[in-house]
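In full-length UniProt numbering, the protein residues as written are 1 to 456.
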């Protein structure tokens with residue numbers, strides 16, 4: 001379509017599409033480098049899955065000391081501590097206060113935020129994006145930029161600019177399972193915690209990690225010698241649950257909210273294409289029906305839920321994996337499992353391969369015996385192949401299906417976004433394409449600003 005007649009509604013040095021975890025960090029990092037930055041976000045908040053998906057808590061990096069590889073993470077944690085929105089580790093947080101803190105960091109850095117603004121198309125000239133077309137309440141409009149960062153989660157900007165991508169399990173073509181998370185409040189967590197511990201002891205099953213203060217962390221699925229199989233069996237026999245309700249069941253206490261648990265279920269293995277609006281609609285409709293059914297089950301079968309109620313349902317479907325963009329380097333499962341190190345490393349992680357519903361055998365891969373039990377993400381995995389002024393960050397960066405299942409979590413999204421923002425700024429400073437930026441220089445800036453990579 002000819003977009004030249006559309007109004008120009010924004011212009012910046014660096015334009016970030018998507019204000020989720022990776023996008024917000026990219027915007028802040030680029031603005032901290034002195035660039036004019038605009039972030040276009042389709043919802044009314046920053047934070048992505050952590051906020052709109054209610055994905056709490058953060059997962060640990062798996063590296064001793066839990067280094068976050070991000071200076072913005074430290075700044076964000078300090079903001080949350082000021083507001084009582086996170087614990088000392090930063091892993092447990094209140095999503096509303098996280099959202100507010102991210103917005104404050106962005107505005108304080110000079111980032112222009114455009115909420116309720118959805119990407120519609122990309123205008124390209126040769127191998128570069130010149131503008132993006134967006135739609136909001138004002139209608140269609142153009143946003144012009146010098147460098148663009150795709151932090152949409154699904155690679156929406158990249159594919160509209162013509163990039164190649166992979167999607168789904170190469171063996172089956174299917175995407176990872178999706179979830180619709182929700183919060184339940186009014187729980188007597190002391191009473192529920194006692195029930196969990198007693199059930200685990202009585203059955204010898206797996207499924208709980210609860211401290212004496214009523215903090216809950218519980219995860220079960222039928223293949224885990226499930227401690228709660230008897231309870232779920234009875235409910236299913238009585239018609240109070242379905243077979244699908246017991247595929248996966250996971251709950252975590254929400255920091256700062258007494259008697260509140262975030263549930264990482266129901267989980268769906270069909271209609272799970274995060275790039276298909278019909279599938280997303282199905283998940284929201286079926287998911288809410290399942291949530292109401294599960295809530296009735298809690299009240300009837302689980303001690304501590306007598307006065308409990310649903311206090312929130314995630315506005316966004318919990319998509320774990322969709323498109324992964326082809327970049328200058330695509331991270332593979334073998335890279336993760338062999339603990340490969342890269343000279344242009346911008347993030348370290350030891351989070352495991354985490355494909356819901358699939359068990360893999362990696363006995364053929366030998367980990368590096370270097371005393372450094374982590375793998376690294378190279379900056380090249382952010383540089384979109386074939387498009388000179390486009391970087392990608394977050395769960396849609398350059399990785400194969402198996403590797404992505406480890407990289408998709410929040411600490412990697414934060415670091416990749418931060419690196420993309422700094423890399424874009426360095427590319428502008430040196431008048432070059434982002435793919436020619438030395439990732440070691442990006443990491444040096446991250447470290448100079450206070451990022452913690454653990455062992456040097």
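Note that beta-carbon positions come from the ideal geometry of N, C-alpha and C, so glycine has one too.
Source: prediction; values computed, not measured.
query: Cβ-based burial, residue 211 [other Cβ within 10 Å; buried from 16]; result: Only weak support exists for where residue 211 lies, its pLDDT of 48 falling under 50; the value from the coordinates is given anyway. With fewer than 16 other Cβ atoms within 10 Å, it is exposed.
query: Residues that residue 250 bridges to, as DSSP identifies them; result: 219
query: Proximity winner among 188, 321, 371, relative to residue 401 (alpha-carbon distances); result: 321
query: Counted within 10 angstroms of its Cβ, other Cβ atoms place residue 232 as buried (16 or more) or exposed; result: buried
query: For residue 189 and residue 159, believed in contact at Cβ under 8 Å, the rounded distance; result: Contact doesn't hold; Cβ gap of about 44 Å is too wide.
query: Residue 211 (DSSP reduced to helix, strand or coil); result: For residue 211, the pLDDT reaches just 48, beneath the cut-off of 50, and the residue's location in the model is therefore unreliable, although a value from the coordinates is still provided. Of the three classes helix, strand and coil, the one that applies to residue 211 here is coil, per DSSP.
query: Residue 124 versus 116, 148, 114, residue with shortest Cα-Cα distance; result: 148
query: C-alpha distance - residue 354 paired with residue 139, whole-angstrom precision; result: 40 Å
query: Residue 120 in three-state terms, based on DSSP; result: strand
query: Residue 23: first and last residue of the uninterrupted alpha helix (DSSP H) it sits in; result: 21–32
query: Segment contact flag, the region 323–339 with the region 281–288, C-beta cutoff 8 Å, min 3 pairs; result: no
query: Rounded straight-line distance, which links the Cα of residue 196 to that of residue 234; result: 17 Å
query: Three-state secondary structure (DSSP) of residue 409; result: coil
query: Helix, strand or coil at residue 74 [DSSP, three-state]; result: helix
query: Close-in-space but distant-in-sequence residues of the same chain around residue 74 (CB under 6 Å, 5 per side omitted); result: 450
query: Rounded separation between residue 435 and residue 381 - CA only; result: 9 Å
query: Beta-carbon proximity check, residue 28 vs residue 184, cutoff 7 Å; result: no
query: Cα-Cα separation, residue 77 to residue 86; result: 7 Å
query: Buried or exposed (CB count within 10 angstroms, at least 16 for buried), residue 258; result: exposed
query: 8 Å contact criterion, which residue 145 and residue 39 should meet: CB distance rounded; result: Wrong, their Cβ atoms sit about 11 Å apart, outside the cutoff.
query: Residue 454 beta carbon less than 7 Å from that of residue 379; result: no
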